[in-house]
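A.B. asks: All letters in the sequence shown, in the order written, are residues 1180 to 1590 by my numbering.
Think of the CB as a built atom: it goes at the ideal place given N, C-alpha and C, for glycine as much as any other residue.
Structure in structure tokens, see below.
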Amino acid sequence: MSAEIRVLDHPHESGQALRIFGRAMVGLAGINQLDPERVLEPGRFLGAVESGTAGSGTAGSDTVVGGADSYTSWLAVPGGNRVPHAAVTHVGVLPTHRRRGIVRRLITAQLEDLARRGEVVATLRASEATIYGRFGYAVASSAASIEILSARAGLLPTVPDPGPVRLIDDDPDSGALTREIYSGARWAGAIDRPDGWWNLRDLQREKQSTPTYLVAFEEDGVGTGYARYQPADPAHWFTSDRREVVVDDFVANSDKAYLALIRHLLSLDLVDVIIFASRPLDDPLPILLKDPRAARVRSVSDETWLRIIDVEPALAARRYGAAAPVTIAVSDPLLAGNNGTFEVGPDNVRRVDTAPDISVDVTGLAATYLGGTTWQHLALAGVATAHTDGAAGRADNLFGTTRLPHSGTIF
Ligand SMILES: CC(C)(COP(=O)(O)OP(=O)(O)OC[C@H]1O[C@@H](n2cnc3c(N)ncnc32)[C@H](O)[C@@H]1OP(=O)(O)O)[C@@H](O)C(=O)NCCC(=O)NCCS
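And the structure:
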């Protein structure tokens, strides 16, 4: 039986789809306990629905067998502009219904829906790296987990001291304060954290007994950064000879906030190791230290999988290096409106009718969009084809950024 793809407009159905996601993910804890009305955004969950089947629901009624959800959001692009963005999540198909093309139909319908909504890009976090490339998604930012050995992590005497942080974990307004601070995030790769995201984090913390600490930095009375941290192994904390603290949310909207928060974390008594769960690959931390080897990258993983929904406004929104324009022919097998040739320069992006310097499919374009992958590497991989001498290098002069993109938000 072929399932119908449609919006799940009743909380009962979207709740069913959320539980399918939990089941499909196998090892994710707590999904079944979530209240759909608290964590989902109405009208955005697409479902594959079989009518009149028993399935996992009631005989004779519609049964959801798969789903693909998203949140209304923004994505910050190089230069700090924000574009309308869909944060795609809760993609899952019942194990009894896999490999029948259900997710292909769901994701295709979702891309068309996002285009109709005027959203310019979509991003997601991928459970497996082999699923989403076929739908035009590519890795646009990566994240490093960085470990600092506190005892060896003295700061260089040249590192400025912007002043103290404020301890806000007991502040009744700390939730509002962190949301307010995060609303200023404009680094390339940052995304909006909608209410459902914050609610989910609150619910997860309410359930755990591990103490969590929150510090904020303010400039002229305005919060510009915060860090949230907790012990990695509280059960053995007292006797441990390697006390680890995990910083699971680190938000710095200015260099001052970054330095003040780092100073605070490095000054914590008792702590042997500080683990930053997710930082950009080019985080300056080692450069600040007298002993740069006190900072070690524990792991690197792909972070933002990005899909360009509307190429022209996406390209027009970001900033480019001061270099000569390049013409790029883009092909998109799923969203026909994206096919075309675009002249991209620091002052202007426009559709043109001329022969391109480079050809790429929409997946390759997604990889370079935030500056996380070079055109020269795409050309090396055969993902982009340069038609004129040095075109990939010239495109890198435009698309290259001084800081690598990073999101820092898991969803
Ligand atoms: C991943 C998942 C959603 C795929 O659903 P599905 O309905 O079986 O997928 P489809 O039958 O529509 O397959 C579409 C294409 O993706 C491929 N594909 C599907 N799942 C894949 C996987 N896990 N790894 C690699 N390729 C996969 C199929 O081979 C097919 O390829 P083709 O159309 O190019 O020939 C489903 O297996 C699932 O629920 N997995 C567990 C939950 C999960 O990982 N969700 C993603 C969260 S980010």
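1. Within the same chain, show all residues whose beta-carbon is closer than 6 Å to that of ALA1265, passing over the 5 residues directly before and after it, in chain order.
2. Let me confirm a value: GLY1234 is counted as buried when at least 16 other C-beta atoms fall within 10 Å, else exposed. Which label applies?
3. Kindly indicate which residue of VAL1244, LEU1438, SER1181 has the alpha-carbon position closest to the one of GLU1192.
4. In terms of residues, what are the limits of the beta strand (DSSP E) holding GLN1387?
5. Let me know if HIS1415 comes out buried or exposed under the rule of 16 or more other beta-carbons within 10 Å of its beta-carbon.
6. Which word fits ARG1442, buried or exposed, when buried means at least 16 other C-beta atoms lie within 10 angstroms of its C-beta?
7. Within the continuous beta strand (DSSP E) that includes VAL1425, where are the two ends?
8. Tell me whether ILE1210, by its Cβ, gets closer than 8 Å to a heavy atom of ligand 1.
9. GLU1307: which of ASP1451, TRP1484, PHE1521, GLY1524 sits nearest, CA to CA?
10. Determine the burial state of SER1320: buried for a count of at least 16 other Cβ atoms within 10 Å of its Cβ, exposed for fewer.
11. If you follow the alpha helix (DSSP H) that TRP1554 is in, where does it begin and where does it stop?
12. From the DSSP secondary-structure annotation, give me the bridge partner or partners of SER1324.
13. At the level of alpha carbons, what is the spacing between MET1204 and ILE1184?
14. Grab the span of the alpha helix (DSSP H) containing LEU1513 for me, first residue to last.
15. Enumerate in chain order the residues of its own chain whose CB-to-CB distance from ASP1434 is below 7 Å, with the five nearest sequence positions on each side excluded.
16. ILE1199 by DSSP, collapsed to three states: which one?
17. Per DSSP, which one or two residues make a beta bridge with TRP1366?
18. Can you tell me which of GLN1409, LEU1544, PRO1351, TRP1377 puts its alpha carbon nearest to the alpha carbon of SER1362?
19. State buried or exposed for GLN1289, treating a residue as buried only when at least 16 other CB atoms are found within 10 Å of its CB.
20. Return no unless some Cβ of chain B is closer than 9 Å to the Cβ of HIS1189.
21. Just to confirm, does GLY1280 get its C-beta within under 8 Å of one of the non-hydrogen atoms of ligand 1?
22. Determine the DSSP secondary structure at ARG1498, reduced to helix, strand or coil.
23. Note down the Cα distance separating TRP1366 from ASN1527, rounded to an integer number of angstroms.
24. Please tell me whether, using a cut-off of 8 Å, the distance from the CB of ALA1265 to the nearest non-hydrogen atom of ligand 1 is below it.
25. Comparing alpha-carbon positions, which option in LEU1382, LEU1346, LEU1514, PRO1373 lies nearest GLU1291?
26. Taking 8 Å as the cut-off, is the beta-carbon of THR1309 closer than that to any non-hydrogen atom of ligand 1?
27. Hey, could you find the ends of the beta strand (DSSP E) VAL1522 is sitting in?
28. Use the C-beta contact count for ASP1188: other C-beta atoms within 10 angstroms, 16 or more gives buried, fewer gives exposed.
29. Can you list, in chain order, the residues of its chain with a C-beta nearer than 6 Å to that of ALA1305? Leave out the 5 residues immediately preceding and following it.
30. Tell me, which residues are paired with HIS1264 by DSSP?
31. What does the Cβ neighbour count give for THR1418, buried or exposed, with the cut at 16 atoms within 10 Å?
32. Is the beta carbon of ALA1323 less than 9 Å from the beta carbon of VAL1426?
33. Taking only heavy atoms of ligand 1 into account, decide whether any of them is closer than 8 Å to the Cβ of HIS1276.
34. Is it right to say LEU1197 is buried, meaning 16 or more other beta carbons lie within 10 angstroms of its own, or is it exposed?
35. Could you tell me how far apart the beta carbons of ALA1508 and PRO1535 are, in whole angstroms, since I believe they sit closer than 8 Å?
36. Any contact of the segment 1441-1457 with the segment 1332-1352, i.e. 3+ C-beta pairs under 8 Å?
C.D. replies: Reading it off the structure:
1. Here the question's residue 1265 lines up with position 86 in the sequence shown. Sequence-distant Cβ neighbours of ALA1265 in its own chain, meaning closer than 6 Å and more than five residues away, are SER1249, LEU1293, GLU1298, ALA1301.
2. Looking up residue 1234 in the sequence shown gives position 55. Residue confidence is low: GLY1234 scores 48 on pLDDT, short of 50, so the model does not pin down where it sits. Its coordinate-derived value is still stated next. Buried is the label assigned to GLY1234, since at least 16 other Cβ atoms lie within 10 Å of its Cβ.
3. Counted from its first residue, the sequence shown places residue 1192 at position 13. When the alpha-carbon of GLU1192 is set against those of VAL1244, LEU1438, SER1181, the nearest one is in VAL1244.
4. Taking the sequence shown and counting its residues from 1, the one referred to as residue 1387 is at position 208. Here GLN1387 belongs to no beta strand (DSSP E), and DSSP marks it neither H nor E.
5. As a working note, residue 1415 is residue 236 in the sequence shown. So HIS1415 ends up on the exposed side.
6. In the sequence shown, counting from the first residue as 1, residue 1442 sits at position 263. It counts as buried.
7. By 1-based counting over the sequence shown, the position of residue 1425 is 246. Its beta strand (DSSP E) spans residues 1423-1431.
8. Locating residue 1210 in the sequence shown gives position 31, where the first residue counts as 1. Placement of the Cβ of ILE1210 at a distance of 8 Å or more from every heavy atom of ligand 1 is found.
9. Taking the sequence shown and counting its residues from 1, one reaches residue 1307 at position 128. Minimum Cα distance to GLU1307 is reached at TRP1484.
10. Counting from 1 along the sequence shown, the entry for residue 1320 is found at position 141. That one is buried.
11. Here residue 1554 is taken as the residue at index 375 of the sequence shown, counted from 1. Annotation: the continuous alpha helix (DSSP H) that includes TRP1554 extends over 1554-1559.
12. Residue mapping note: residue 1324 aligns to position 145 of the sequence shown, counting from 1. SER1324 is bridged to SER1478.
13. In the sequence shown, residue 1204 corresponds to position 25, counting from 1. In the sequence shown, residue 1184 corresponds to position 5, counting from 1. Rounded to whole angstroms, MET1204 to ILE1184 spans 21 Å at the Cα level.
14. Residue mapping note: residue 1513 aligns to position 334 of the sequence shown, counting from 1. Run containing LEU1513: none; DSSP gives neither H nor E here.
15. Translated into positions along the sequence shown, residue 1434 becomes position 255. For ASP1434, same chain residues with a beta-carbon under 7 Å away, outside a window of 5 residues either side, do not exist.
16. Counted from its first residue, the sequence shown places residue 1199 at position 20. For ILE1199, the three-state secondary structure derived from DSSP is helix.
17. Taking the sequence shown and counting its residues from 1, one reaches residue 1366 at position 187. Answer by DSSP bridge pairing: none, since TRP1366 is not bridged.
18. For the purposes of this step, residue 1362 is taken as residue 183 along the sequence shown, with counting starting at 1. Its Cα nearest to that of SER1362, the residue TRP1377 stands out among GLN1409, LEU1544, PRO1351, TRP1377.
19. As a first step, residue 1289 must be located in the sequence shown, where it is residue number 110. Buried is the call here.
20. No chain B is part of this structure, which consists of one protein chain only.
21. One-based indexing of the sequence shown puts residue 1280 at position 101. Relative to ligand 1, GLY1280 has its C-beta within less than 8 Å of a heavy atom.
22. Translated into positions along the sequence shown, residue 1498 becomes position 319. Looking at ARG1498 - three-state DSSP - the assignment turns out to be coil, as it is neither helix nor strand.
23. Here residue 1366 is taken as the residue at index 187 of the sequence shown, counted from 1. Here residue 1527 is taken as the residue at index 348 of the sequence shown, counted from 1. Cα-Cα distance, rounded: 22 Å.
24. If you number the sequence shown from 1, residue 1265 lands on position 86. No, ligand 1 has no heavy atom inside 8 Å of this Cβ.
25. Mapped onto the sequence shown, residue 1291 falls at position 112. It is LEU1514 whose Cα lies nearest to the Cα of GLU1291.
26. As a working mapping, residue 1309 is identified with position 130 in the sequence shown. Yes, ligand 1 has a heavy atom inside 8 Å of this Cβ.
27. Stepping through the sequence shown from its first residue, residue 1522 is reached at position 343. Checking the sequence, you will find Glu at residue 1522 rather than Val. Start and end: 1519-1523.
28. To locate residue 1188, count along the sequence shown from 1; it is residue 9. Burial call: exposed.
29. As a first step, residue 1305 must be located in the sequence shown, where it is residue number 126. Taking ALA1305 as the centre and dropping the five residues before and after it, the same chain places the C-beta of TYR1311, TRP1484 closer than 6 Å to its C-beta, in chain order.
30. Here residue 1264 refers to the residue found at position 85 when the sequence shown is read from its first residue. In DSSP, HIS1264 forms a bridge with SER1252, VAL1300.
31. To locate residue 1418, count along the sequence shown from 1; it is residue 239. Answer is exposed; the Cβ neighbour count stays below 16.
32. In the sequence shown, counting from the first residue as 1, residue 1323 sits at position 144. In the sequence shown, counting from the first residue as 1, residue 1426 sits at position 247. 9 Å or more divides the Cβ of ALA1323 from the Cβ of VAL1426.
33. Position 97 of the sequence shown, counted from the first residue, corresponds to residue 1276. With a threshold of 8 Å, the Cβ atom of HIS1276 counts as near ligand 1, since some heavy atom of the ligand is closer than that.
34. Counted from its first residue, the sequence shown places residue 1197 at position 18. Here LEU1197 is buried. Its C-beta has 16 or more other C-beta atoms within 10 Å.
35. Indexing the sequence shown from 1 puts residue 1508 at position 329. Indexing the sequence shown from 1 puts residue 1535 at position 356. The Cβ separation is near 4 Å, so the contact holds.
36. Because the criterion of three Cβ pairs below 8 Å is met, the segment 1441-1457 and the segment 1332-1352 touch.
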